Amino acid sequence: MPPTSPRRTVHVVPHTHWDREWYEPFQRFRLRLVDLLDEVLPRLAADPELRFTLDGQTAAVDDYLEIRPAALGQVRELVARGQLAVGPWRVLADSFLCSGENLVRNLEIGLARSAELGGAMPVAYLPDQFGHAAQLPQLLRGFGFRQACLWRGVPSTVDSNGFSWVSPDGSAVRTEYLPGGYGNAAVLFTDPSATRGRAEDFAERMRDWFGADEVLAMYGADHGAPLPSLTEQVRAVSAAEGPVTLRLATLTEALAGREVDVAGLTEVRGELRSHARANLLPGVLSVRAPVKQAMAAAERMVQRYAEPLAALWFPAAARPFAEMAWQRLVDASCHDSVTGCGADSTAAQVAGRIAEAEQLGSAVRDRVVDALATRAPGDAVLVVNPSPWPRQDVVRVSAIAPEDWDAVALQLPDGRLAATQEVERPERVLLAAEFPAAEVAEAVRRRTFGQVMYDRAVQRAVIGAGAVEFAVGRLGDPGYDVERFAAELAARAAEHPVWSLRVVDEPKRELLAAVPVPALGWTTARPVAGAAPVDHPVSIVDGVLSNGLVSVTVLDDGTLRIEDPDGLALEGVGRICDGGDAGDSYNYGPPVADLLVHEPVAILVCPDAPGPLVGGFTVYRTYEWPTGLADAAGSARAAGTVATEVSMAVELRAGEPFVRLELRFENRSRDHRVRVHLPVGPVTGSRAEGQFGVVARGLTNEGGNGEAPLPTFPASGFVAAGAATVLLEQATEYEVTGGELALTVLRSVGAISRNLHPLRAEPAGPTTPIPGAQELGSRVARFGIAVGTERSDAEVMGLVERFTLPLVSAAGTGTAELAEATGLRVEGAVLSGLRERDGELELRLVAYSVEPVPTVLRLPGLVSARVTDLAGNPLAKLDVAEDAVELSLRGWEIMTVRLGQGLPQREITPPS
């Protein structure tokens, strides 16, 4: 009698993929979520065999409990019983459209909340994101994860259910691939009479993928609950004498038997952006560009201004506002949120969430700066540096300077002078009016709020012969009392039938100044008469804009020639190309007969600032862009055109080795794509920064699965190809094509998804109209252009810092002498973030190099230092000597360091 073959075990994982917001806004989706969990939770409680995995994100739990707070105990009980799997994320983020620190906070928030609910699923579940960033395995290992589970972006080299996913630093996680996606068993139980046969067919189809491993069947889809008959059907199949047995499991239980050792598994290094196994939907990188722009600006405000400055100079300022800001930024990072592939109402809600985060961050920053301004004399200015190294960059300041001074310099605490460039002299007379005698006293009262008139403090008030004059400024006379003054004026009003009332501001000048500022510290400077020399001054001579480090010339077609001191040049920078887009929010799609518009019909060049600190000009080019598509099918572009003027402001600053460009235009066309081009010549690929790393990419992408593998890629901090390096202020889509680097400035579309798409075989979502994604109206994009091939990635990150993180200035409000102070100085590694945590300073360092990066941290009053993992668990103690600590990061390592500091200078009294 032949031996009986062992039965094949299939782990059935009941789950839902919950889009928190997408083709409907958050609150409408939440109603569905409440309905779903109102059904599922009681069923779990009544059926100990039933399991449910809640999509890896705790936001779904919190969104439900906000409506059903009484269900908290039940949720905790089900988690404790192993029937309900929650976490580990707060939301399922798009890892290319947020900062690396945002991903860290996402896990941090999700794990903390999961712990309150009974414990997180120990699997990093990433079911539906549109690709995955290169450093994610290192982030996961930093939080203690050994396993991930995902679908999109997996290359064709992966031919089994498990592979080793490796970050640039060598960190690896065993990754469970979901062949067929997160709903590969969604129809397994729809017909109870066919379940056994379907289960056997499913197990057979998956044999080549799973080999000897027990099969994983993901039973679920978007926004759905398991069938009421699920447990009964599973029991029936398992009780039958067939080749397959089914077991209900959470994802935790289903993967518990997997060996987490990655030895022998297929290795995949870096990012996952292949189209081979699933649609990647790369068009989400460029749709609704203003949302991406706002997201990056808000992240910088919170991550690089609010938290670091508060941690070093005014710890109480950030509590709890920074945490509130991060909650909003993390929620906005969701893969159907910041991506822009949702309804217009969803996009508006995401934009509001991002705006709140920026407002919280800027409020914290300004509170710290206002507190520091009390250390600057009232006739001086304060300048604050957000970078962890000393900087001397151009900053705009408002200074008090007598009108008879021909030139102004800023005197620094050590007596040196900093050069300035005048921008404007604001009008001093704020009010000049006449009032009848009976009304003049009331006129003063109505224009005075306490000791403030026209946003200035009253310094002096004089009653003359039929005339009243107020002198106002940044600092006032604390003894001034409006009621006493108005009473005196009323008593004398009868002396003249008509009175003149003047309010005169102190003599101000808006200046650009090249101020040296200590690392993550501040300095003060007082205006004095005179001039100071400028290092690498900006000039325009014979049409050439130059600062000795880089020069710019406008060519006949309105593009630029940018050249470094060695003669290496980029010629043709700033070419604008407009083409049709018959695609949708998920994928760019050219019309059948496209028309590319790249030649302007008119060109005008106008000079701007002349130097010596800032100089530049603006190139105005007018194009005839088609108004839209000829028809809904996208057969061609419309015959009608609209004249569109694109301005390109070109700016050089003293001492900066790159050119700043700002593009502006009023978009009045629909269904099109606008890209700005730079020449790079015959190159083999590009390098792009994002999420704690730099990825080298070729000129093509791997295709498959019915989606054209367009080689359009994301970059966050910079992208480099050939001799061109472009500094970015937001996540940006780019492509290297035809010897040029093309950066997408605008992609206008009108639907979430098209059923018939020129570059995609199947729909990606509903056909919901999204007229807001046409982005009609003003569009602004900014870039920095550096020429050269010798800069290291870390050096380029320094340029990115100068491009995106300007110095901050404020008027002094104190009585002390000129002074300055150093915060934290980092030499070697790149600082990604700094915050106060548990009474210490926690900083995130990144080695932007394949080689080890020796690093020195210097902090006044440093008393202790230790390395932790991303979760905050201590790993190693560091030796401190003379307010400094030395350490070394391995290539591409992300390191978290805690510093203990005890300095009275950190205790600042908030301004009243």
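With this note's numbering, letter number 688 in the sequence shown gets 1307, and the count goes up by one each step, no holes.
Beta carbons are placed, not taken as given, at the ideal position from N, Cα and C, and that holds for glycine.
The structure presented is a predicted model; accordingly, all values stated were derived computationally and were not measured.
- In this structure, the alpha-carbon of Gly961 lies about 4 Å from that of Trp641.
- Take Gln702, set aside five residues on each side of it, and the residues of its chain with a beta-carbon closer than 6 Å to its own are Leu663, Arg670, in chain order.
- Out of Glu735, Ala689, Val710, the CA that lies nearest to the CA of Val698 is found in Glu735.
- Put simply, of Thr1474, Thr993, Val1314 the residue whose alpha carbon is nearest the alpha carbon of Phe933 is Thr993.
- The Cβ atoms of Leu1050 and Leu1094 lie no closer than 8 Å to each other.
- In this structure Phe1068 is exposed. Its beta-carbon is surrounded by fewer than 16 other beta-carbon atoms within 10 angstroms.
- Going by beta carbons, Val632 and Thr672 fall inside the 8 Å limit.
- Taking the Cβ atoms as the reference, Gln1393 lies roughly 16 Å from Ser1372, outside the contact range of under 8 Å.
- Taking a cut-off of 8 Å for Cβ pairs, the segment 891–903 and the segment 863–872 do not touch, as fewer than three such pairs fall below it.
- If one requires a minimum length of 3 residues, the beta strand (DSSP E) runs lying completely within the segment 748–813 are 766–769, 781–785, 791–796, in chain order.
- In this structure the segment 1144–1157 lies against the segment 1031–1051, because at least three pairs of beta carbons, one per stretch, are closer than 8 Å.
- Counting only runs of 4+ residues, no alpha helix (DSSP H) is found wholly inside the segment 1261–1308.
- For Phe715, there is no enclosing alpha helix (DSSP H), as DSSP gives it neither H nor E.
- Contact between Gly1447 and Val1475 holds: CB atoms are separated by about 6 Å, below the 8 Å threshold.
- Note that the C-beta distance between Ile1404 and Leu1280 is below 8 Å.
- In this structure Arg793 touches Ser783 by the C-beta definition: roughly 7 Å separates them, less than 8 Å.
- Here Ala1086 carries a strand assignment [DSSP, helix/strand/coil].
- Gly1357 and Leu1297 have their alpha carbons spaced roughly 11 Å apart.
- Restricting attention to Asp1012, Val1071, Ala1084, the CA atom closest to the CA of Val1122 is found in Val1071.
- Collapsing the DSSP output to three states places Ser1451 in a strand.
- Here the segment 1243–1257 makes contact with the segment 1203–1214; the two share three or more CB pairs at distances below 8 Å.
- In its chain, beyond the 5 residues on either side, Thr1423, Leu1424 have a beta carbon closer than 7 Å to the beta carbon of Arg919.
- Under the three-state reduction of DSSP output, Val1059 falls in the helix class.
- Contact annotation: the segment 1423–1437 touches the segment 1136–1148, with at least three C-beta pairs closer than 8 Å.
- The beta carbon of Gly980 is closer than 6 Å to those of Met920, Val921, Ala925, Ala944 in its chain, skipping five residues each way along the sequence.
- Judged by DSSP in its simplified three-state form, Ser1428 adopts strand.
- A contact is defined here as three or more CB-CB pairs under 8 Å, and the segment 843–850 fails this definition with respect to the segment 742–749.
- DSSP places Pro1231 in the coil class of the three-state scheme, outside both helix and strand.
- Secondary structure at Met740: coil, using DSSP grouped into helix, strand and coil.
- In this structure, the alpha-carbon of Asn1004 lies about 42 Å from that of Trp637.
- Taking every protein chain shown into account, the CB of Ile686 has fewer than 16 other CB atoms within 10 angstroms, so this residue is exposed.
- Counting along the chain, the unbroken alpha helix (DSSP H) around Phe1104 starts and ends at 1101–1111.
- Cα atoms of Asp674 and Arg695: separation of roughly 17 Å, rounded to the nearest angstrom.
- Following the DSSP letters along the chain, one finds Met1416 inside the alpha helix (DSSP H) bounded by residues 1412–1423.
- Taking C-beta atoms as the reference points, Val1134 and Val1014 count as a pair closer than 8 Å.
- Here Glu942 is not near Arg1463, since their CB atoms are 8 Å or more apart.
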